[in-house]
Every structure is written in C-alpha cells, then in structure tokens.
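Numbering (the working numbering), first residue to last: 264 to 907.
The beta carbon of each residue, even a glycine, is placed where N, CA and C say it ideally should be.
Everything on this sheet refers to the single structure shown next.
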C-alpha cells in the first residue's frame, strides 16, 4: 500500500476514534469499531442508501443479541450511533436511513396510560362559571383582560392572541385558527378547527378589538411575552384564582396554564364519546404535522401531552351529568362536532315498507284532524310528524329531568318562573330608571366610568407632581449640604484670623510707648501686610482643601449608585422568577430609584460597572428599549426596600 494512502487511512481512523469516543457505553464503541467501516464511505445515491439501510438492520440485530430488542430499548444506543455519524460528517448520507422513522419516534416517546394516570390532576369544580367569566372578559376595554379571556376561550398562547392568531368563525361554537407560533419552517401554514368555550362570534370580535388597543408591529414573540405576559397573568389571577387551582410548584396562574384548562373543559363539552380523549386534546391544541397542502396528520408528543392532564373535571360535576365525561353539550342547538372528527356517511335511502298498526276509531279521527289542520298530504306524513314530535318530547323530558307525561306540568312551572323573573326584572329596571333620574338622567354606570377615568387621570397627575417635588427636594437637600460645608470652612478660617489679629495686637501694645509716630505708622502698615498675607494664606488653605472634600462627596455618591446597581442585579438573579420580572439596568431605571444626578449615574454605568453590567444583561437577554416595557417600577422598589 502506498505511503500516502496509509497515512490517509491512519488519519481517518483517528477521526473515527474521536467520533466513537462520544458513545456512552464500551460495548457500543467496540461494535462501531467493527461495523463503521462498512458505512462510513457510502455515497448519496440509491445504492448508497440501500447499503445504509442494510447496515441499520445489521446494527439493530446486533443490539437485539444483547437483549435490546424493542425500539424503546434501542433508543439511546441508536441516538449514540447517529451522534457518531454526525461527528464524522454533519450531513452524512447514512443519517437518512439509520435510526427510526417519525412514527416510531412518536411511539417511543408516547407516555404510557399508566404514567398519564399517575399525574396529580387538579379538579375544576365549575367549568360553566370559568367560561362565563371568560365571556365577561371579552367585553372588557382593558387589553390585558381581553387577552386573558381569549387565552381561556381558545387555549392559545399570549403571543398568538396578541399578534399572530387569525380566527374565522366555523360554527356557533368553533373557529378556524391559523398563526401558531411554534410551527416554524413549514411551507404550508397549518389551519385547523378548534371549539370555543364562548360563542365564536365574540372571539372574533374580541381579537379585532385587542389588536386595535396594542401596537406590536416589529416585535418578536419573545419581546411580546416579556412586555405583556406579566399583565395577562395578573388578569388571570384576578378573574380565575378562586376557580382554577394553581399547579404544583406555582403560586400564581399564568397564560400557558390555561391551555390545559381550555382543553379539559372543551373535551368535557365537545369531545365525541367514541373519540379517545388524548386524540381530541391533541387535535384542538394543534398538534398536527403538515404533510402537504390540504393534508395534515395528527401528531402527539411527550412534551405536549404531559400538560394535557394538569386539570380534570371534578367528580361532583360529572355526577350532575349522569356520569358522562365527554361531549355533554353535543346535543345542544348550534353545537357541532369539529371537522377533524366529523364522519361523512353515505346512507342509502331506505325502502319504505308499509304496515298496519291497529288504533281505535277515536285515535284515527284525531290523526285525521291533525292531518287536516296542518295540511299534510298523507296519513303516513302525519304519523311521521307525530313520531318526530314524540321523539322531541322524550328528549326534552330527559333534558328537564322528568317523564314525557309530566312535560306539561314541567313547562307550566318553567313559565311561572319566567313570569316571576320578568316581574323582578321590571322592578329592577324601574329602580334603575329612578336612580338615573336622581343623578340627572345620566346612566349610573356611565357616571361611575367617567368618575373612575377622572380619578385615574388626577392620580397620574399627582404622581407626576409628587415626583417633580421629590426631585426639587433632593436638589435642595444637596444644595443645603454644600452650603453647610462651606459655612464650616468659613467659620474655621474666621476663627484662625481672629487669633492672628489678637496675637499681633498684643505685640503692638507692648511697643507703643517707645516708638515714634512714624514708627507707629510703619508698624500699622506692617501689621496690615501680615494680616493680608495671613488671610491670603488661609484662603489658599481653604481653596486647597475644598476640591478634596468635593472629590470625597462625589466618590460617595458614585458608590451609592454602584451599590444600587448591584442590588438590582442581585434581585434579577435571586428574586425574579422569570424574564417578565427582570430589569434592564439603564439611566431610565436608576432615575426612578434614586435622586442622584444623571451625569453621575451615566459615569457609573459607563465606567467601572460597564463590563459587569454587560455580562449580566447578556446572561438574561436584556436588550433594547422594550426590555422594561410593561413592568411595574413600584414592585421593584418594594423588593429593594426603596421608599421614594
């Protein structure tokens, strides 16, 4: 063998060894040293792929000989084999043939029914009230309440209801949805029908109003979550905390949690009894794989389905529906099975076989009277109408919890209740009209809304004025401290000057009797010169000391600002639970927390703290002017113990 070829083979084997070293078991390393030469050089051709497929079968057979016979048992070693091939060549042709196909991977990762049943599901005791409150939120003028209502009613994520979701009404209780955020790289956008926990028309209308209240143009999904998810979570807390138990390990509700709440209620209401619950939940949450235009395939994964059963309908609610756990509303008017599970059956027209049923003469005359009164053509049509009416009566009696023969009495009771409710409503309307007259003819609710708006506006003005006065007070405090320091220095200089004057005055008095007038004049001049020189020297001393003290004061302020920055960094590291509570530390943030001069703040940010801050921001991905949008500075002040 030529020397060059031998050297090349040695290099290749060295590269193989580096790749094989990534295996987690020694037996697999030995197996690959034996079998890898058979596949490492296959070409990206039909013959090459056929060779790789045969090699895949061989590897799995050798694994089976070691007792690893099922796909689940072979999962980890096959993953190591593919990792080795990628280490040799990131685009190695054999990667298309070695391993498992998508269906096999799905089955491997599918959680067992036992594992699902062992999840600690939280009970929902009043699904009707959850849906009712969601409907109320969809009428709100607050963007956060609108988004919270849409999250509950449709099960979609915060970024979807705020920006990407497109809802088109499919039926009275369902919509067509496009715009799922976790479906990147698909040539054909996924569209599927999902049931709604409120009437579909209100979902479409609320989405349109939400988009008019928020400007998210140019924002990424991550920026939207940072800016808005905290406020939506707070709206969920306010509206549903007494109805939806927090999940284990969480002390508050959050938007993603309502994907499980939504799917639990939607399954209880709309899932056909012959459809597996897991498949229905996967379908309404969009866990599809797009095959080509017009065709989709249901796809379930461990990552998605593990959240399907965070909640369950309580036994108490199921008992009121006679033990029915799925599809309790499918018989209601306007409710349809969603397209994914709607079967189209072609039923041949049955041949009508006439038969005779014996009835009394009086009953026959009643049938003929009904036929004549309704203008029906034949006795068969009349009997069909009577049978349909009987079926309707039986269904109605079942819904009202009585026997068909008791329907008349039951309906009479319902009519009496309706009349009583109408009477009460009339009384309430009269009282409301009287109250509106008392306030000058303006609707009470309108007055309350206007008053709240004025109070909110005045409160905002007071906050701004309070901040302005605090800034002035802080500046005045700084000025006062500076004047006090100057006064102390002046008094010290004055005291030293008085001592010098006393000393010089005593000397002159001792010599006064022996000096001539001219000498006295000379002495006076000399005294003045000494005083002048002393005063000048004192002023120079004060002037020399002044910059040092001012320098010490500036250092103290800079240390104060630096300590504040470190406190915020510590809050981000230890107290903030996610990015929605972490703060970008810039001049704007610090000016809201301290009264110190902006020039000093800028000097600290761009000086010794610059590198440390950059590393901190990079660690959490805190960049740009949107990083602090939607965050409550008062919450940060409370956490830092700042009363400003």
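Is residue i helix, strand or coil when you go by DSSP?
| i | result |
| --- | --- |
| residue 886 | coil |
| residue 455 | strand |
| residue 385 | strand |
| residue 871 | coil |
| residue 575 | strand |
| residue 835 | helix |
| residue 278 | helix |
| residue 639 | coil |
| residue 894 | coil |
| residue 284 | coil |
| residue 292 | helix |
| residue 587 | coil |
| residue 461 | coil |
| residue 724 | helix |
| residue 840 | coil |
| residue 547 | helix |
| residue 815 | helix |
| residue 600 | coil |
| residue 622 | coil |
| residue 306 | coil |
| residue 593 | coil |
| residue 655 | helix |
| residue 680 | helix |
| residue 581 | helix |
| residue 671 | helix |
| residue 467 | helix |
Report all residues from its chain with a CB closer than 8 Å to the CB of residue i; omit the five preceding and five following residues, and keep chain order.
| i | result |
| --- | --- |
| residue 472 | 409 |
| residue 669 | 660 |
| residue 830 | 903 |
| residue 886 | 847, 880 |
| residue 630 | 622, 642, 645, 646, 649 |
| residue 889 | 482, 486, 489, 490 |
Within 10 Å of its beta-carbon, does residue i have 16 or more other beta-carbons around it, so buried, or fewer, so exposed?
| i | result |
| --- | --- |
| residue 574 | buried |
| residue 525 | buried |
| residue 309 | exposed |
| residue 674 | exposed |
| residue 395 | exposed |
| residue 323 | buried |
| residue 677 | exposed |
| residue 421 | buried |
| residue 778 | Caution is warranted here: a pLDDT of 49 is assigned to residue 778, below 50, making its placement in the model unreliable, and the coordinate value is therefore given only provisionally. Per the 10 Å Cβ criterion, exposed. |
| residue 832 | buried |
| residue 426 | buried |
| residue 362 | buried |
| residue 314 | buried |
| residue 906 | exposed |
| residue 419 | buried |
| residue 356 | buried |
| residue 721 | exposed |
Compute the beta-carbon to beta-carbon distance between residue i and residue j, rounded to the nearest angstrom, for a pair I have assumed lies under 8 Å.
| i | j | result |
| --- | --- | --- |
| residue 436 | residue 598 | 5 Å |
| residue 399 | residue 413 | The Cβ separation is near 13 Å, so there is no contact. |
| residue 535 | residue 600 | 6 Å |
| residue 459 | residue 417 | 6 Å |
| residue 463 | residue 434 | 7 Å |
| residue 633 | residue 641 | Actually they do not touch by this definition, with Cβ atoms about 12 Å apart. |
| residue 521 | residue 499 | 7 Å |
| residue 533 | residue 592 | 6 Å |
| residue 918 | residue 351 | Summary: the structure shown does not reach residue 918, with the chain confined to residues 264 through 907, and so no result is reported for it. |
| residue 823 | residue 859 | 7 Å |
| residue 279 | residue 299 | 6 Å |
Which same chain residues end up closer than 7 Å to residue i when comparing Cβ atoms and leaving out the 5 residues on each side of it in sequence?
| i | result |
| --- | --- |
| residue 347 | 282, 283, 285, 286, 295 |
| residue 843 | 489, 492, 493 |
| residue 872 | 825, 828 |
| residue 839 | 845 |
| residue 316 | 360 |
| residue 326 | 337, 340 |
Using a Cβ-Cβ cutoff of less than 6 Å, which residues in the same chain neighbour residue i once the five nearest sequence positions on both sides are dropped?
| i | result |
| --- | --- |
| residue 390 | 528 |
| residue 604 | 535, 538 |
| residue 476 | 406 |
Runs of beta strand (DSSP E) wholly within the region 395-442 (minimum 3 residues, chain order)
429-434, 437-441
At which residue ranges does the region 331-364 contain complete alpha helix (DSSP H) runs of 4 or more residues, listed in the order of the chain?
334-351
Only counting runs of 4 or more residues, tell me where the alpha helix (DSSP H) segments fall wholly within the region 477-537, in order along the chain.
484-503, 520-533
Scan the region 843-869 and note each continuous alpha helix (DSSP H) run of 4 residues or more that stays entirely inside, going in chain order.
850-854, 861-869
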